[in-house]
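Residue numbers (the working numbering): 81 to 163.
Pasting the structure below:
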């Protein structure tokens, strides 16, 4: 289950996709989920580029580590291969 990267509360989904909405490559047709506990976006890094994620990793921001560990590696469709 994904978590909010700000307050670590569990959320059902990180975003909602809308079918037939413009171009998904441009980020349109996707709406980020608001955390019910802290009222911020549950995971703002969903729509950020890898360069921004890497810079925040270098700056040791805990939110980006939560994004990678809980919301990227823990997804059902994109399992982490331990081999």
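Even for Gly, the Cβ is constructed at its ideal location relative to N, Cα and C.
Here the structure is a predicted model, which is why all the values come from computation and not from measurement.
Looking at C-alpha atoms only, which residue of the options is the closest neighbour of residue i?
i           : options          : result
residue 198 : 139, 150 and 88  : Past the boundaries of the shown model lies residue 198; the chain is included only from 81 to 163, so the question cannot be answered.
residue 132 : 153, 147 and 119 : 147
For residue i, I'd like the list of residues in its chain whose CB is within less than 6 Å of its CB, leaving aside the five on either flank, ordered along the chain.
i           : result
residue 84  : 91, 115 and 122
residue 120 : 86
residue 137 : 144
residue 163 : Residue confidence is low: residue 163 scores 37 on pLDDT, short of 50, so the model does not pin down where it sits. No coordinate-derived value is stated.
residue 118 : 86 and 87
Taking the alpha helix (DSSP H) that residue i falls in, what are its first and last residues?
i           : result
residue 111 : Careful: residue 111 lies outside any alpha helix (DSSP H), inside the beta strand (DSSP E) at 110 to 112.
residue 91  : Note, residue 91: premise wrong, no alpha helix (DSSP H); not H, not E.
residue 121 : Element bounds for residue 121: n/a, residue is neither H nor E.
residue 142 : 142 to 146
Please work out which residues of its chain come closer than 8 Å, Cβ to Cβ, to residue i, disregarding the five sequence neighbours upstream and downstream, and give them in chain order.
i           : result
residue 94  : 82, 112, 113, 122, 123, 126 and 151
residue 139 : none
Where do the N-terminal and C-terminal ends of the beta strand (DSSP E) with residue i fall, by residue?
i          : result
residue 95 : 95 to 97
If I measure Cβ to Cβ from residue i and keep anything under 7 Å in the same chain, skipping five residues before and after, which residues do I get?
i          : result
residue 97 : 109 and 110
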